[in-house]
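J.: Quick one: structure below, then a few questions.
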Amino acid sequence: MTWESPARLWLLLGVAALVVGYLAMQRRQSRYAVRFTNLRLLDRVAPQRPAWRRHVPAGLFLAMLALLVVGFARPNAEVRVPRERATVMVAVDVSTSMLAGDVDPDRLTAAKEAARRFVDGLPDEFNVGLVAFAGSAAVVVPPSTDREALDEGVQRLAEGITGVQGTAIGEAISTSLGAVKSLDAKAAKDPPPARIIILSDGANTSGMDPMEAAGQAVAAKVPVHTISFGTPSGSVDRGGRAIQVPVDGQTLKAVAEETGGGFHEASTSAELRAVYEDIGTSVGYRRERQDISARFIGLGLVFAMGAAAGSLRWFSRLP
Numbered sequence: 102m103t104w105e106s107p108a109r110l111w112l113l114l115g116v117a118a119l120v121v122g123y124l125a126m127q128r129r130q131s132r133y134a135v136r137f138t139n140l141r142l143l144d145r146v147a148p149q150r151p152a153w154r155r156h157v158p159a160g161l162f163l164a165m166l167a168l169l170v171v172g173f174a175r176p177n178a179e180v181r182v183p184r185e186r187a188t189v190m191v192a193v194d195v196s197t198s199m200l201a202g203d204v205d206p207d208r209l210t211a212a213k214e215a216a217r218r219f220v221d222g223l224p225d226e227f228n229v230g231l232v233a234f235a236g237s238a239a240v241v242v243p244p245s246t247d248r249e250a251l252d253e254g255v256q257r258l259a260e261g262i263t264g265v266q267g268t269a270i271g272e273a274i275s276t277s278l279g280a281v282k283s284l285d286a287k288a289a290k291d292p293p294p295a296r297i298i299i300l301s302d303g304a305n306t307s308g309m310d311p312m313e314a315a316g317q318a319v320a321a322k323v324p325v326h327t328i329s330f331g332t333p334s335g336s337v338d339r340g341g342r343a344i345q346v347p348v349d350g351q352t353l354k355a356v357a358e359e360t361g362g363g364f365h366e367a368s369t370s371a372e373l374r375a376v377y378e379d380i381g382t383s384v385g386y387r388r389e390r391q392d393i394s395a396r397f398i399g400l401g402l403v404f405a406m407g408a409a410a411g412s413l414r415w416f417s418r419l420p
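If you want it as structure tokens, here you go:
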């Protein structure tokens, strides 16, 4: 935290002086009561006062003064601010290997649920699009703020939706970049701040070289976050025969490193949700310094109302 007017914090010495004065006054009153010789008479003539409660209004009042002084000094802090036109493209692998049951109930179903939760956690003003890929890639939902359309798109994700088998990670990146560039009329000349999230369980087997697509992402200044999802023991049933489809994240890791994104591994539904939550804290935001004096002033006003309420409740007067 920094201060625009740090010299004003010297006013806190005045608040400290009031605290010392209040404590001295309380000590003086206690000594006077002890010196009063007729204690029975003192009990009759002195009004009954709440013990600890009589200090609450004064304490709240002094706390209010301290908070107002801090707010008067105009504190600043770094806060996360959503980027304007922020766009997130989520690309999900729908190849046959995603039907492996090593993740309950299977990789693809778990991936769809996690993607849905991820999107629900993003700010409403974010543009979010959906790409499905296997041997080729296709835009299922163009980037927009329409969450209902995106949810319907996630529901439609299924094996074979792209029509070609395989794993085309490079095509998924290139297709996602194309969707970002078509966000609006000015996207071609003024691209929006964007992130691409690729979820897959295997290495690239078809289409564009993933590193070539990664180069395009670097040129467009779009980091690609990748998620390797599955376990080494994954398998799918084809004609009564189990075909091994172990997870392979080497290509995804290389793409993330090349583009400045993050590489994540998940072998369970819970881990996948955690990965998405981690990614969600970074995509589409920028950090900037903002004046937060209103927080202290607002809290100070709450303390002031508490001091007034306590004084009226216990002493039938304002402090």
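Numbering-wise, the sequence shown is residues 102 to 420 according to this note's numbering. Where a beta carbon is used, it is the ideal one built from N, C-alpha and C, also for glycine.
Leaving out the 5 sequence neighbours to the left and right, which residues in its chain are closer than 6 Å to Ala295 when beta-carbon positions are compared?
T.: Reading the sequence shown from its first residue, position 194 is the one you call residue 295. Here the set comprises Thr188, Val281, Val323.
J.: Can you tell me the Cβ-Cβ gap for Asp194 and Ser307, rounded? I've got them flagged as a contact below 8 Å.
T.: The residue labelled residue 194 in the question sits at position 93 within the sequence shown. The residue labelled residue 307 in the question sits at position 206 within the sequence shown. In this structure Asp194 is not in contact with Ser307, their Cβ atoms being roughly 12 Å apart against a cut-off of 8 Å.
J.: Ends of the beta strand (DSSP E) at Leu231?
T.: As a position in the sequence shown, residue 231 is number 130, starting the count at 1. 228-234 is the span of the beta strand (DSSP E), which, as asked, contains Leu231.
J.: Enumerated in chain order, which unbroken segments of the alpha helix (DSSP H) with a length of 4 residues or greater are wholly contained in the stretch 271-302?
T.: none
J.: Could you tell me the boundaries of the beta strand (DSSP E) in which Thr188 lies?
T.: Mapped onto the sequence shown, residue 188 falls at position 87. It spans 188-194 - the beta strand (DSSP E) in which Thr188 sits, taken as one unbroken run.
J.: Mapping the DSSP letters down to three states, classify Ile344 as helix, strand or coil.
T.: As a first step, residue 344 must be located in the sequence shown, where it is residue number 243. The answer is strand: DSSP assigns Ile344 an E or B state.
J.: Are there 16 or more other CB atoms within 10 angstroms of the CB of Lys290, so buried, or fewer, so exposed?
T.: Position 189 of the sequence shown holds residue 290. By the 10 Å Cβ count, Lys290 comes out exposed.
J.: Is DSSP giving Arg154 helix, strand or coil here?
T.: For the purposes of this step, residue 154 is taken as the residue at position 53 of the sequence shown. Arg154: helix per DSSP, three-state reduction.
J.: Just reading off the beta strand (DSSP E) that Asp338 is part of, what are its end residues?
T.: Along the sequence shown, one-based indexing puts residue 338 at 237. Asp338 -> beta strand (DSSP E) spans 336-339.
J.: Could I get the ranges of all uninterrupted beta strand (DSSP E) runs contained in the stretch 384-417, with 3 residues as the minimum, in chain order?
T.: 386-392
J.: Taking Ala250 and Val242 to be in contact with their CB atoms under 8 Å, please state how far apart those CB atoms are, rounded to whole angstroms.
T.: Taking the sequence shown and counting its residues from 1, one reaches residue 250 at position 149. Taking the sequence shown and counting its residues from 1, one reaches residue 242 at position 141. Contact check for Ala250 and Val242: beta-carbon distance about 6 Å, within the 8 Å limit, so the pair qualifies.
J.: By the DSSP assignment, the alpha helix (DSSP H) with Pro49 in it spans what residues?
T.: It is not possible to answer for residue 49, since the shown part of the chain is limited to 102 through 420.
J.: Among all the DSSP beta bridges, which residues are the ones paired with Ile328?
T.: To locate residue 328, count along the sequence shown from 1; it is residue 227. DSSP, once it has assigned bridges, lists Leu300, His365 as partnering Ile328.
J.: Do Ala235 and Thr276 have their C-beta atoms closer together than 8 Å?
T.: Walking along the sequence shown from the start, residue 235 turns up at place 134. Walking along the sequence shown from the start, residue 276 turns up at place 175. Cβ distance not < 8 Å, so Ala235 and Thr276 don't count as in contact.
J.: Would you decide whether Thr103 is buried or exposed? Buried here means 16 or more other CB atoms lie within 10 Å of its CB.
T.: Within the sequence shown, numbered from 1, the residue matching residue 103 stands at position 2. By the neighbour-count rule (16 or more Cβ atoms within 10 Å), Thr103 is not buried but exposed.
J.: Measure the beta-carbon distance from Leu119 to Leu169 and round it to whole angstroms, keeping in mind my assumption that it falls under 8 Å.
T.: What you label residue 119 is simply residue 18 of the sequence shown in a count that begins at 1. What you label residue 169 is simply residue 68 of the sequence shown in a count that begins at 1. Not a contact, Cβ separation roughly 13 Å.
J.: Do you know how far the Cα of Thr327 is from the Cα of Phe364?
T.: In the sequence shown, residue 364 corresponds to position 263, counting from 1. In the sequence shown, residue 327 corresponds to position 226, counting from 1. Between Phe364 and Thr327, the C-alpha separation is close to 5 Å.
J.: Considering only the alpha carbon of each residue, which of Leu124, Asn177, Val171, Arg109 lies closest to Arg388?
T.: Against the sequence shown, residue 388 aligns to sequence position 287. If we check each option's Cα against that of Arg388, Asn177 comes out closest.
J.: If the criterion is Cβ atoms closer than 8 Å, does the pair Gly172 and Phe397 meet it?
T.: Within the sequence shown, numbered from 1, the residue matching residue 172 stands at position 71. Within the sequence shown, numbered from 1, the residue matching residue 397 stands at position 296. Against a cut-off of 8 Å, the Cβ pair of Phe397 and Gly172 comes out as a contact.
J.: Where does Ser245 sit, in a helix, a strand or coil, going by DSSP?
T.: Walking along the sequence shown from the start, residue 245 turns up at place 144. For Ser245, the three-state secondary structure derived from DSSP is strand.
J.: Which same chain residues, not among the five before or five after Gln351, have their C-beta less than 7 Å away from its C-beta?
T.: For this step, residue 351 is matched to residue 250 along the sequence shown. Closer than 7 Å at the Cβ level, and outside the excluded window around Gln351, lie Ala304.
J.: Let me see if you follow: with CB-CB separation under 8 Å, is Val281 close to chain B or not?
T.: Although the question refers to chain B, the structure presented lacks it and comprises just one protein chain.
J.: In or out: Lys213 buried (at least 16 other Cβ within 10 Å) or exposed?
T.: In the sequence shown, the residue the question calls residue 213 occupies position 112. By the 10 Å Cβ count, Lys213 comes out buried.
J.: Could you tell me whether the stretch 399-414 touches the stretch 333-346, where touching means 3 or more Cβ pairs closer than 8 Å?
T.: no
J.: If you reduce the DSSP assignment to three classes, tell me which class Glu260 lands in.
T.: Walking along the sequence shown from the start, residue 260 turns up at place 159. Coil.
J.: Buried or exposed: where does Leu413 fall if 16 or more other Cβ atoms within 10 Å of its Cβ makes it buried?
T.: Within the sequence shown, residue 413 is the residue found at index 312, counting from 1. Exposed, because fewer than 16 other Cβ atoms sit within 10 Å of the Cβ of Leu413.
J.: Alpha carbon to alpha carbon, how far is Gly401 from His156? Give it in angstroms, no decimals.
T.: As a first step, residue 156 must be located in the sequence shown, where it is residue number 55. As a first step, residue 401 must be located in the sequence shown, where it is residue number 300. Roughly 17 Å between the two C-alpha positions.
J.: Return the bridge partner residues of Trp104 from the DSSP annotation.
T.: As a first step, residue 104 must be located in the sequence shown, where it is residue number 3. Bridge partners of Trp104: Pro176.
J.: Between the alpha carbons of Lys287 and Gln266, how many angstroms are there, rounded?
T.: If you number the sequence shown from 1, residue 287 lands on position 186. If you number the sequence shown from 1, residue 266 lands on position 165. If I take the Cα positions, the gap works out to 35 Å.
J.: Buried or exposed for Leu124, going by 16 or more other Cβ atoms inside 10 Å?
T.: For the purposes of this step, residue 124 is identified with residue 23 of the sequence shown, where counting begins at 1. The residue in question, Leu124, is exposed, as its Cβ has fewer than 16 Cβ neighbours within 10 Å.
J.: Tell me the DSSP secondary structure of Val265 in three-state form.
T.: In the sequence shown, the residue the question calls residue 265 occupies position 164. Coil at Val265, not helix or strand.
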